[in-house]
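Protein chains: 2
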Amino acid sequence: MATTLAANRIAERKLRDKQARRAQIISAARRIAELEGWSNVTVRRLSDEISYSQPVLYAHFESREGILAAVAIEGFQELGLALEKARKRVKRGNAVESVGAAYLEFAASSPALYEVMFSLSLSVPFGEAATPPELRFAFSQFLELFQGQSSKSEVLSELFWASLHGIAELTRTKRFPRIRQKERVRTLVELFTSALPPASSTMFPRTSALV
Amino acid sequence: MATTLAANRIAERKLRDKQARRAQIISAARRIAELEGWSNVTVRRLSDEISYSQPVLYAHFESREGILAAVAIEGFQELGLALEKARKRVKRGNAVESVGAAYLEFAASSPALYEVMFSLSLSVPFGEAATPPELRFAFSQFLELFQGQSSKSEVLSELFWASLHGIAELTRTKRFPRIRQKERVRTLVELFTSALPPASSTMFPRTSALV
DNA sequence: TTATAAAATCTAGCAACGCTATATTTGATG
DNA sequence: CATCAAATATAGCGTTGCTAGATTTTATAA
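Quick mapping for you: the protein sequence lines, in order, are chains F and B.
According to the working numbering, the first sequence is numbered sequentially starting from -14.
According to the working numbering, the second sequence is numbered sequentially starting from -14.
#1: Check whether the segment 84 to 103 of chain B touches the segment 45 to 61 of chain B, counting contact only when three or more Cβ pairs, one atom from each stretch, lie closer than 8 Å.
#2: Between the segment 136 to 167 of chain B and chain F, which residues of the former have a C-beta closer than 8 Å to a C-beta of the latter?
#3: For isoleucine 11 of chain B, collect the residues of the same chain with a Cβ closer than 8 Å to its Cβ; drop the 5 residues on either side in sequence, then sort them by chain order.
#4: Could you tell me if tyrosine 43 of chain B is buried or exposed, where buried requires 16 or more neighbouring beta carbons within 10 angstroms of its beta carbon?
#5: Contact criterion: CB-CB distance below 8 Å. Does arginine 169 of chain B meet it with respect to chain F?
#6: Cβ of isoleucine 35 of chain B within 8 Å of Cβ of arginine -2 of chain B?
#7: Please classify leucine 68 of chain B as buried or exposed, where buried requires at least 16 other C-beta atoms within 10 Å of its C-beta.
#8: Could you give the first and the last residue of the continuous alpha helix (DSSP H) run that contains glutamine 126 of chain F?
#9: Between threonine 200 of chain B and arginine 163 of chain B, is the Cβ-Cβ spacing less than 8 Å?
#10: Rounded to a whole number of angstroms, what is the C-alpha to C-alpha distance between asparagine 79 of chain B and phenylalanine 127 of chain F?
#11: Which value, in whole angstroms, describes the spacing of the CA atoms of alanine 86 of chain F and glycine 22 of chain F?
#12: Give the interface partners of threonine 172 of chain F over in chain B, defined as CB-CB distance under 8 Å, in chain order.
#13: Using the Cα positions of serine 83 of chain B and leucine 141 of chain F, report the straight-line distance between them to the nearest angstrom.
#14: Assuming lysine 70 of chain B is part of the alpha helix (DSSP H), what are its boundary residues?
#15: In its own chain, which residues sit with a C-beta less than 6 Å from the C-beta of alanine 123 of chain F, not counting the 5 before and 5 after it?
#16: Would valine 28 of chain F and arginine 49 of chain F qualify as a contact pair, given that the criterion is a beta-carbon distance under 8 Å?
#17: Given that phenylalanine 131 of chain F touches chain B, what residues does it touch there, using C-beta distances under 9 Å?
#18: Just checking my contact of serine 148 of chain F with alanine 147 of chain B at CB under 8 Å: how many whole Å lie between their CB atoms?
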């Protein structure tokens, strides 16, 4: 059979098409969620957006929740990159402040994306080995920030992450007024930098049990 | 008419019955949510639990979300009381640690309740005047904790609350392992107490813009 | 080039959801 | 006991996530 000649090209095209459509679905879900909320991201609506019938979606994702999980992972990837960028080129002041501000900026500029990233504890695999690399990468940015700090680097990373997440969530759900956000960041950074001196950058045990 | 005689008793009985049924609904919602998750708290299921048809539920609450809001408010009330208790009789160490531990204990022991308390930003009125008193009372426990502290008491309260909320959420959604929770609290308390000295308990401006 | 097998896609429908218009029953009042 | 209102139930609408089965499209062969 002359399969390996033309058939390969066909298979590649089909793969490309499939990947493109998958990206379309994720993109549509994100856009609708950001504009109209996640409750408007229905399977029917998505199938309309990509001009295919509903069952096609289930060839790409196991369920509606699978689509949200894919969006969430994309979000973690982008968050990780944003944090890395903020950490590496420390604009003004220290890296802690830079990362903290970048985190809250991310959460504020894509509230629906941020929301879905933390509302799917069961779908997005977690814990040790099965945690998606995008999640590990994002959290590693916090680890780098406090690396080698009095053997508490991991707890400090967790606490800084938790603090920022708390601020982001309480702001998103309107419990914190957006005003005074800068003051919050400044004070938070003070807490995390003044209490524990800037450490030398050696020894990073990295026994993170979390991510 | 001899209404004011027997009719009053009847009206009172009806009111009692109505309140009792309302409490039943809230209680059933809480129980099901804690045992089977909020997705299993359906109107049909609730109407089964209280042995009434569905429309009866709508005589008590405007919608399903109204029921969740009632549960959330009950949760805030209990949280506020738990925090007040922890703050007043400082078991060991300082009040900050006591309140922090009590907060996380509350969140861990009733995860579904805690979840609904922070997933209804739009239904539970917020912001300044319209915020339910149960919410204000709970947050006031944090304000008391840092009251009069270098004119930053409000921001510190917000940050401490946000940190605890972040820990609670990341723990609930399995991003933080439950192990090491004590160490987290200890370190967090260090950050909030060592960085800023215990202040004298005078002057509490109380210009809280949040709650 | 056309028949056939397989892959891709759609139609149509199920069960369950929140919610409500309407019918029915219950209970207080004369 | 009759009447009228209040309380409650029945039955159904529109929408949801999801899927079995029919149908079309596409690739491979004669």
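Even glycine gets a Cβ: it sits at the ideal position worked out from N, Cα and C.
Once the coordinates are examined:
#1: Because the criterion of three Cβ pairs below 8 Å is met, the segment 84 to 103 of chain B and the segment 45 to 61 of chain B touch.
#2: Cβ contacts with chain F come from Lys137, Val140, Leu141, Glu143, Leu144, Trp146, Ala147, Ser148, Leu149, His150, Gly151, Ile152, Glu154, Leu155, Arg157, Thr158, Lys159, Arg160, Phe161, Pro162, Ile164, Arg165.
#3: Mapped onto the second sequence, residue 11 of chain B falls at position 26. Once the five neighbours on either side are set aside, the close Cβ partners of isoleucine 11 of chain B are Ile52, Ala55, Val56, Glu59.
#4: Start at 1 with the first residue of the second sequence, and residue 43 of chain B comes out as number 58. For tyrosine 43 of chain B, the number of other beta carbons within 10 angstroms of its own is below 16, and it is reported as exposed.
#5: Walking along the second sequence from the start, residue 169 of chain B turns up at place 184. Chain F, which has a Cβ nearer than 8 Å to the Cβ of arginine 169 of chain B, makes this yes.
#6: Looking up residue 35 of chain B in the second sequence gives position 50. Looking up residue -2 of chain B in the second sequence gives position 13. No, Cβ-Cβ distance for isoleucine 35 of chain B and arginine -2 of chain B is not below 8 Å.
#7: The count along the second sequence starts at 1 and reaches residue 68 of chain B at position 83. Leucine 68 of chain B is buried by the Cβ-count criterion.
#8: As a working note, residue 126 of chain F is residue 141 in the first sequence. Under the DSSP assignment, glutamine 126 of chain F falls in the alpha helix (DSSP H) whose first and last residues are 118 to 130.
#9: Given that chain B is displayed from residue -14 to residue 196, the structure contains no residue 200 of chain B and the question cannot be resolved.
#10: Here residue 79 of chain B corresponds to residue number 94 of the second sequence, with the count starting at 1. Here residue 127 of chain F corresponds to residue number 142 of the first sequence, with the count starting at 1. C-alpha separation (whole angstroms): 29 Å.
#11: Residue 86 of chain F sits at position 101 when you count from the first residue of the first sequence. Residue 22 of chain F sits at position 37 when you count from the first residue of the first sequence. Their Cα atoms are separated by approximately 25 Å.
#12: Taking the first residue of the first sequence as 1, we reach residue 172 of chain F at position 187. Ordered by position in chain B, the residues that pass the 8 Å Cβ test against threonine 172 of chain F are Lys137, Val140, Leu141, Leu144.
#13: What you label residue 83 of chain B is simply residue 98 of the second sequence in a count that begins at 1. What you label residue 141 of chain F is simply residue 156 of the first sequence in a count that begins at 1. Going by the C-alpha atoms only, they are around 20 Å apart.
#14: The residue you call residue 70 of chain B lines up with position 85 of the second sequence. Run containing lysine 70 of chain B: 49 to 73, per the alpha helix (DSSP H) assignment.
#15: Position 138 of the first sequence holds residue 123 of chain F. Non-local C-beta neighbours of alanine 123 of chain F in its own chain, meaning closer than 6 Å and more than five positions away in sequence, comprise Phe61, Leu64, Gly65, ordered along the chain.
#16: The sequence position of residue 28 of chain F within the first sequence is 43, counting from 1. The sequence position of residue 49 of chain F within the first sequence is 64, counting from 1. Contact flag set, yes.
#17: Your numbering for residue 131 of chain F matches position 146 in the first sequence. Within chain B, no residue comes near phenylalanine 131 of chain F; the closest Cβ sits about 11 Å away, beyond 9 Å.
#18: Locating residue 148 of chain F in the first sequence gives position 163, counting from the first residue. Locating residue 147 of chain B in the second sequence gives position 162, counting from the first residue. About 6 Å separates the two Cβ atoms, so the contact holds.
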